[in-house]
Amino acid sequence: MTGKPQVCTQDGCEGKPVARRLCSKHYQQAWNAGTLDVHTPAPRRKINRTVCPDDHGHGDTTVCYVLHQCRCDPCTDNRAAREAQRRKLKAYGRYDTGLVDVTEVREHVLMLGEFGIGYKRVAELAGFKSSTPVRTILWGRMDPGRVGEMQKRIKRETAEKILAVKPVIKNLGPKQPVPALGVHRRVQALVARGWSVTRIGERLGWTAANFWSLMKKDTVGAATHLAVAALYEQLWDQEPPRGEWHEKAAYTRAVNYAARRGWLPPLAWDDIDTDPTPEAHQSEQTKGERVLEDVEWLLESGEPAAQVALAVDRKPDAIAKLAERHGRLDLARAFYGRAAA
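For this note's numbering, add 787 to where a residue sits in the sequence shown, where the first one is 1.
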């Protein structure tokens, strides 16, 4: 502290002191009256000439010199160089404080929060060592005596780093939920291209039960979305291998299944995440026939009957009875006795 009072020492005056502990008005009055000697000047600031620890970043900033009153050689040299540069730029009329208005940055952080990127995640993506700079922009200072004081300006470098963080899915946390529409469309497009569910699941590390439960969800984790998007970018313009007879059969089953379901291929989408969903064609199949179609495709893909039952969300004996009613004894036999097992 400097020891200078925050207001004029004249009774009843709340003006800011400029010299001799007097405001501008009372200083001028004392000058005209020749009574300046009566007013004691404020004591000079006592500088505690210390040397900060080595981990304080001497010479990198002016924090040690100004706040900690460190007077080591790196701190004093850095302070002198900064002051010389400041005076030169002011003389040339090119001096820039390096500060910008914080309003745009604060609005950007709030927008990122609405997208799902919290202030700690913003600080991490911006490359800050802690979340304090972003937290201070949102909720004000936490310094003693200045708690809640909102910033008006911040460093230009800080603003540029924060504004560089964009509201995209790759910047979300891995478990942050996002709409599953893009995942569903990408998987459906790959199946329409001939990639079987088994092959897609193997590349993603999913089982058939995981796959079908995912296709029923409205949201997925951001990490899942990115994994499916990365696989889609690899495979959308490629056909699966068809060298062996079983590979040809799997390809044909996948293409036919996607065609019956009305699943669109990759080239049908301009933006697979945001394009409106086309109107679905009316199908003459009953719900039971569609279930049996799913069951047949999964069994032909090599999935065990227990996993198929989980995938279509039916009990094994219910699938067997459904298959009998539709005259599909070949499918019913796969589920006989499964309920007791």
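Where is the CB? At the ideal position from N, CA and C, for every residue including glycine.
By the Cβ test, the stretch 843-850 is in contact with the stretch 865-878, since at least three Cβ pairs between them sit closer than 8 Å.
As summarised for the stretch 1052-1106, there are no continuous beta strand (DSSP E) elements at least 3 residues long confined to that stretch. With a contact defined as Cβ atoms closer than 8 Å, residue 1123 and residue 1107 qualify at about 6 Å. Bridge partners of residue 888 according to DSSP: 940.
In the three-state scheme derived from DSSP, where H, G and I count as helix and E and B as strand, residue 964 is classed as strand. The beta carbons of residue 899 and residue 954 sit closer together than 7 Å. A residue is called buried once 16 or more other Cβ atoms fall within 10 Å of its Cβ, and residue 975 is buried on that count. Here DSSP, grouped into helix, strand and coil, assigns residue 896 to helix. Contiguous beta strand (DSSP E) elements confined to the stretch 977-1026 occur at 1006-1008, taking only those with 3 or more residues. The residue among 881, 1027, 1063 with its C-alpha nearest the C-alpha of residue 990 is 1027.
Here residue 1051 is actually not in contact with residue 967; their C-beta atoms are around 16 Å apart, not less than 8 Å. Between the beta-carbon of residue 1010 and that of residue 961 there is about 4 Å, and that keeps the pair under the 8 Å contact cut.
For residue 853 and residue 869, the gap between their C-alpha atoms comes out near 13 Å.
For residue 891, the closest of 855, 936, 941, 919 by C-alpha to C-alpha distance is 941. With respect to the 7 Å criterion, residue 1038 and residue 1084 are not classified as neighbours on the basis of their beta carbons. Residue environment analysis places residue 811 among the exposed positions, since fewer than 16 neighbouring C-beta atoms fall within 10 angstroms of its C-beta.
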